[in-house]
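Residue numbers (full-length UniProt numbering): 1 to 178.
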């Protein structure tokens with residue numbers, strides 16, 4: 001359930017074995033500097049257990065996946081979809097990668113796979129990305145993937161969205177969903 005693959009990556013639900021990965025990401029000040037305040041390791045552990053509980057709920061509005069190298073099985077990061085409260089057909093996407101994954105077009109591939117899964121299996125009609133304008137990697141990835149800009153506010157953050165119709169993908173994911 002909730003497993004899918006792309007050409008180079010496999011995505012599986014976050015589980016108990018991923019505590020170190022999760023805490024490493026959320027407590028890394030350099031990694032979090034354009035996302036939000038880094039957590040203490042203790043708070044990251046608490047957040048990890050909450051994410052695990054949410055993943056265990058059938059039809060959970062918040063799902064977290066671990067992104068793995070398909071050939072080696074090495075964890076590269078995490079990504080998630082969170083259903084918006086005002087509309088069950090809209091979700092927010094987020095991704096955080098370990099530094100070893102930077103510069104390899106991993107975010108484009110992982111998010112494309114996640115969105116294809118979200119549109120085809122979870123029946124989302126629109127997926128949003130919200131980010132700081134100083135998060136240049138996210139600005140680049142969302143633009144490259146064809147996200148449609150929606151707003152930029154005075155606090156220096158932006159929002160954009162993608163629909164199934166505008167998802168730019170040359171890979172067929174339908175047959176790769178478990």
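Backbone N, C-alpha and C define an ideal beta-carbon position, used for all residues, glycine too.
Give the C-beta separation of residue i and residue j to the nearest angstrom, bearing in mind that I take them to be a contact with Cβ-Cβ under 8 Å.
i, j, result
"residue 48", "residue 22", "4 Å"
"residue 158", "residue 131", "6 Å"
"residue 143", "residue 34", "Wrong, their Cβ atoms sit about 16 Å apart, outside the cutoff."
"residue 64", "residue 80", "4 Å"
"residue 51", "residue 14", "6 Å"
Pick helix, strand or coil for residue i, following the three-state DSSP scheme.
i, result
"residue 41", "helix"
"residue 6", "coil"
"residue 107", "helix"
"residue 87", "strand"
"residue 16", "helix"
"residue 74", "coil"
"residue 81", "strand"
"residue 25", "helix"
"residue 63", "strand"
Could you work out which residue in the options is closest to residue i when comparing CA atoms only?
i, options, result
"residue 61", "42, 158, 124", "124"
"residue 114", "30, 136, 128", "128"
"residue 28", "54, 57, 79, 97", "97"
"residue 243", "165, 118, 25, 138", "Within the shown structure, residues of the chain are numbered from 1 to 178, placing residue 243 beyond reach of any answer."
"residue 32", "149, 99, 160, 20", "99"
"residue 82", "73, 95, 71, 72", "95"
"residue 103", "73, 137, 2", "137"
"residue 75", "152, 92, 20", "20"
"residue 163", "53, 126, 106", "126"
May I ask you to verify whether the stretch 102 to 118 touches the stretch 33 to 51, counting CB pairs closer than 8 Å and requiring at least 3? Proximity of the stretch 102 to 118 to the stretch 33 to 51 falls short of the contact definition, fewer than three beta-carbon pairs being nearer than 8 Å.
Could you tell me which uninterrupted beta strand (DSSP E) segments, each at least 3 residues in length, are contained entirely in the stretch 90 to 136, listed from first to last along the chain? Whole beta strand (DSSP E) segments, 3+ residues: 126 to 132.
Which runs of the beta strand (DSSP E), 3 residues or longer, sit entirely within the stretch 137 to 162? Along the length of the stretch 137 to 162, whole beta strand (DSSP E) runs at least 3 residues long occupy 148 to 152, reported in chain order.
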